[in-house]
Amino acid sequence: MTRQGWPAPDAATPLVGYREWCLRGLEDPVPELHSLFHATGWPSDGRPTAAACLRPATWLLWPRSDRRHAGVPDASCECGIHAYLRPDFASFNGVREPKVRGVVLGWGRYVLGTVGWRAEFASVAALLADDAYAPALDLLAVSQGIPLVTDLRDVRLAMIEHAA
Amino acid sequence: MHIGEITEVGTIEPLVIPRVVSDGDGDEPASPADVPTEAPERVGVG
Numbered sequence: 001m002t003r004q005g006w007p008a009p010d011a012a013t014p015l016v017g018y019r020e021w022c023l024r025g026l027e028d029p030v031p032e033l034h035s036l037f038h039a040t041g042w043p044s045d046g047r048p049t050a051a052a053c054l055r056p057a058t059w060l061l062w063p064r065s066d067r068r069h070a071g072v073p074d075a076s077c078e079c080g081i082h083a084y085l086r087p088d089f090a091s092f093n094g095v096r097e098p099k100v101r102g103v104v105l106g107w108g109r110y111v112l113g114t115v116g117w118r119a120e121f122a123s124v125a126a127l128l129a130d131d132a133y134a135p136a137l138d139l140l141a142v143s144q145g146i147p148l149v150t151d152l153r154d155v156r157l158a159m160i161e162h163a164a
Numbered sequence: 165m166h167i168g169e170i171t172e173v174g175t176i177e178p179l180v181i182p183r184v185v186s187d188g189d190g191d192e193p194a195s196p197a198d199v200p201t202e203a204p205e206r207v208g209v210g
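One line per chain: the protein sequences are Z and U, in this order.
If you read the first sequence in this note's numbering, its first letter stands for residue 1, the second for the next number, and so on.
If you read the second sequence in this note's numbering, its first letter stands for residue 165, the second for the next number, and so on.
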């Protein structure tokens, strides 16, 4: 990723986080991960996803934030791809669809908090196995090129060199 | 979800990327995650 004219980055290693998605299309050839709160899906083929600020649609919920900001995410807003710092976060109530958890990597612009982060770009690094949705998760893991893990707390990450 | 109190704001240009090498149960190491080489299409918020 080249960004000529941008200031020097603050770090060269992606953020690591944990999050939850809706699992949709259980009977489809490749199921999909969707946001719990917004009508947005993540690519099922392993490509990274990128955040866009939806504040124009949700601005009334965040009246203190600036109406416009230069990039996503912004500290004054709630935009960006969200993840928790720790794998043992509470599940969200009110979502009736099947849910799945996983490990995500975040980079680009970021806002780091005491319990989580918001990032501009993210990709899925691993999904948590769940017997209730095993066939769908198997398909999704193969499509994403990522592993299924049995416990998010035991995930080990290793650094590899950038190929570019 | 809420990320808590903001402690840091910045930019990350990944020069190295982590990959999942084990989930602790003896499985084969996972394939490396795709290295992002260009900004992906913006599809929405997480």
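Every residue, glycine too, gets a C-beta built ideally from N, C-alpha and C.
Proximity to residue i [Cα-Cα], best of the options
i, options, result
"aspartate 28 of chain Z", "Z:Arg19, Z:Ser44, Z:Val16 and Z:His69", "Z:Ser44"
"aspartate 154 of chain Z", "Z:His82, Z:Tyr133 and Z:Pro87", "Z:Pro87"
"glycine 108 of chain Z", "Z:Ala50, Z:Leu26, Z:Ser143 and Z:Ser91", "Z:Ala50"
"alanine 125 of chain Z", "Z:Ala136, Z:Asp10 and Z:Pro48", "Z:Pro48"
"phenylalanine 37 of chain Z", "Z:His69, Z:Ala75 and Z:Gly94", "Z:Gly94"
"alanine 132 of chain Z", "Z:Val115, Z:Ser35, Z:Glu97 and Z:Tyr110", "Z:Glu97"
"histidine 166 of chain U", "Z:Ala11, Z:Pro9, Z:Ala90 and Z:Ala12", "Z:Ala90"
"cysteine 22 of chain Z", "Z:Ala39, Z:Ala11, Z:Pro9 and Z:Thr13", "Z:Ala39"
Cβ shell of residue i (< 7 angstroms), same chain only, five flanking positions each side left out
i, result
"leucine 152 of chain Z", "Tyr18, Pro87, Arg101, Val103 and Leu128"
"alanine 52 of chain Z", "Val72"
"valine 111 of chain Z", "Pro73, Ala75, Gly80, Trp117 and Arg118"
Sequence-distant residues of its chain with Cβ nearer than 6 angstroms to residue i (five each side left out)
i, result
"glycine 145 of chain Z", "Gly46"
"histidine 157 of chain Z", "Before going on, a small fix: residue 157 of chain Z reads as leucine here, not histidine. So no residue of the chain qualifies."
"glutamate 32 of chain Z", "Arg24, Gly25, Gly41 and Ser44"
"serine 35 of chain Z", "none"
"glutamate 120 of chain Z", "Ala51, Val72, Gly108 and Arg109"
Any non-hydrogen atom of the ligand SAH within 7 angstroms of residue i CB
i, result
"leucine 148 of chain Z", "Of ligands this structure carries none, so the ligand SAH is not represented either."
Residues of its chain near residue i, where Cβ-Cβ distance is below 8 angstroms and the 5 sequence neighbours each way are ignored
i, result
"aspartate 138 of chain Z", "Leu148"
Cβ of residue i within 8 angstroms of any chain B Cβ
i, result
"histidine 69 of chain Z", "Protein chains Z and U are contained in the structure displayed, whereas chain B is not."
Proximal chain U residues relative to residue i, where beta-carbon distance stays under 8 angstroms
i, result
"glycine 113 of chain Z", "His166, Ile167, Gly168, Glu169, Ile170 and Thr171"
"aspartate 138 of chain Z", "Per Cβ cutoff of 8 angstroms: no residues; aspartate 138 of chain Z is ~13 angstroms from chain U at best."
Per-residue contacts from residue i into chain U (C-beta, under 9 angstroms)
i, result
"tyrosine 110 of chain Z", "Glu172, Val173, Gly174, Thr175 and Ile176"
Partner residues on chain U for residue i, Cβ-Cβ distance less than 7 angstroms
i, result
"proline 87 of chain Z", "What proline 87 of chain Z touches in chain U: nothing, since even the nearest Cβ is about 12 angstroms away."
> If we count Cβ pairs, one from each stretch, closer than 8 angstroms, do we get three or more for the stretch 77–86 of chain Z versus the stretch 10–17 of chain Z?
Replying inline: yes
> Which runs of the alpha helix (DSSP H) fall wholly inside the stretch 32–106 of chain Z and span at least 4 residues, in chain order?
Replying inline: 55–58
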